[in-house]
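Below: the structure, in structure tokens.
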Amino acid sequence: MDRQIDYRHLESLIALLTVARLGRYTAAANVLGVNHSTISRRIDALQKAMGGHLLTRTPNGWELTDLGRRAMASAETIEQAVEAIGAEKDSGALAGHVRVAAPDAFSAHLAAPALAKLQVKHPQLVFEIVSETTRARQTRTGMDLEIVIGEPHVRKAASMKLLDYELRLYATAEYLESHGTPRSIEDLAGHSLNYYIDTALTVDKLDDATSALPPMRRSISSTSIAVQYAATMNHAGIGLLPTFLSRHYPNMIPVLHEEFTFHSEYWLVGRDEALRSRAVQETVRALNDAAAAGDWFIPPFPVPSASGS
Numbered sequence: 001m002d003r004q005i006d007y008r009h010l011e012s013l014i015a016l017l018t019v020a021r022l023g024r025y026t027a028a029a030n031v032l033g034v035n036h037s038t039i040s041r042r043i044d045a046l047q048k049a050m051g052g053h054l055l056t057r058t059p060n061g062w063e064l065t066d067l068g069r070r071a072m073a074s075a076e077t078i079e080q081a082v083e084a085i086g087a088e089k090d091s092g093a094l095a096g097h098v099r100v101a102a103p104d105a106f107s108a109h110l111a112a113p114a115l116a117k118l119q120v121k122h123p124q125l126v127f128e129i130v131s132e133t134t135r136a137r138q139t140r141t142g143m144d145l146e147i148v149i150g151e152p153h154v155r156k157a158a159s160m161k162l163l164d165y166e167l168r169l170y171a172t173a174e175y176l177e178s179h180g181t182p183r184s185i186e187d188l189a190g191h192s193l194n195y196y197i198d199t200a201l202t203v204d205k206l207d208d209a210t211s212a213l214p215p216m217r218r219s220i221s222s223t224s225i226a227v228q229y230a231a232t233m234n235h236a237g238i239g240l241l242p243t244f245l246s247r248h249y250p251n252m253i254p255v256l257h258e259e260f261t262f263h264s265e266y267w268l269v270g271r272d273e274a275l276r277s278r279a280v281q282e283t284v285r286a287l288n289d290a291a292a293a294g295d296w297f298i299p300p301f302p303v304p305s306a307s308g309s
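First residue of the sequence shown: 1, per UniProt numbering; consecutive thereafter.
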């Protein structure tokens with residue numbers, strides 16, 4: 001560093017570190033428990049102390065300048081020192097705030113239980129899980145990690161495939177008794193489909209899932225996988241649903257499984273700045289281990305009676 005940073009700038013360095021990882025002042029303010037103006041004031045003070053701009057605004061959010069990258073190295077050293085002080089009695093202790101965006105099913109059935117186990121082991125870790133089913137964004141979103149469906153193509157980020165999964169068609173016995181059992185793909189044209197809302201679906205991979213099916217009337221569409229299951233279990237139509245959940249519910253009757261299946265994948269995306277955090281690294285490890293083990297949390301789902309009551 002060309003200029004010495006005294007203790008008054010420690011909070012400013014942590015603010016810089018958090019903005020660099022999340023790309024947004026507002027996201028950094030949320031993580032640090034302060035308001036946007038406080039983050040701005042701390043960054044401004046640090047820039048004056050160092051004699052130059054540390055951040056520059058880009059279409060992808062706030063990015064570090066060369067001087068900012070040098071400051072961030074100091075900020076990471078401080079972060080590690082603080083973690084070490086807090087972990088004197090437990091050299092393996094972790095602390096930090098990690099934000100994860102993931103599709104609805106992945107959030108509830110794999111991410112939440114996997115990160116709950118990690119949080120029990122390291123009580124100073126704090127997680128925010130945002131359920132959303134979108135493609136990997138080119139712009140910085142204020143998230144440390146994104147879980148997306150289909151292989152992402154994002155600049156200045158690392159990605160890894162977590163696991164494969166498949167979508168297949170399911171219905172209840174009550175629905176099939178009332179509307180008939182399809183014997184071919186063409187027969188589906190006379191049936192209703194429970195799936196994502198067409199106009200709200202931004203993931204090409206999920207949009208492709210219905211391309212091999214004939215046009216089907218939409219019964220109950222939703223951005224929530226739980227709603228799609230509830231609609232299907234209440235006999236509203238045939239659901240296009242993930243097998244990793246459906247196979248655990250005995251009232252989910254396979255429909256045309258020999259004729260139709262759609263394969264996809266979950267991928268993890270992380271920015272370089274975020275992946276330098278030990279808390280984020282351990283989060284990635286926990287998610288990858290859970291995916292490799294197929295460690296899905298399958299909650300009991302109320303099964304309605306034939307009358308739907």
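Note that beta-carbon positions come from the ideal geometry of N, C-alpha and C, so glycine has one too.
- In this chain, Tyr25 is not harboured by any beta strand (DSSP E); it is covered by the alpha helix (DSSP H) spanning Tyr25 to Leu32.
- Out of Asp204, Glu177 and Arg217, the CA that lies nearest to the CA of His191 is found in Arg217.
- In the displayed model, Glu11 falls within a helix according to three-state DSSP.
- Every alpha helix (DSSP H) of 4 residues or more that sits fully in the segment 218–264 is shown, in chain order, as 225–233 and 243–246.
- The beta carbon of Leu110 lies closer than 8 Å to those of Leu287, Ala290, Ala291, Asp295, Trp296 and Phe297 in the same chain, with the five residues before and after it left out.
- The Cβ-Cβ distance between His263 and Glu151 does not fall below 7 Å.
- Beta-bridge pairing by DSSP links Tyr165 to Ser264.
- One alpha carbon belongs to Ala102, the other to Thr243, and they sit about 18 Å apart.
- For Leu287, the enclosing alpha helix (DSSP H) has its first and last residue at Arg278 to Ala293.
- Taking each of Ala171, Glu11, Tyr196 and Phe127 in turn and checking the Cα distance to Pro250, the smallest one comes out for Ala171.
- Taking a cut-off of 8 Å on C-beta distances, the segment 178–191 does not touch the segment 264–273, as fewer than three cross pairs fall below it.
- Exclusion of the five residues before and after Ala75 leaves Leu13, Ile14, Leu16 and Leu17 as the residues of its chain whose Cβ lies within less than 7 Å of its Cβ.
- The continuous alpha helix (DSSP H) containing Val120 extends over residues Ala112 to Lys121.
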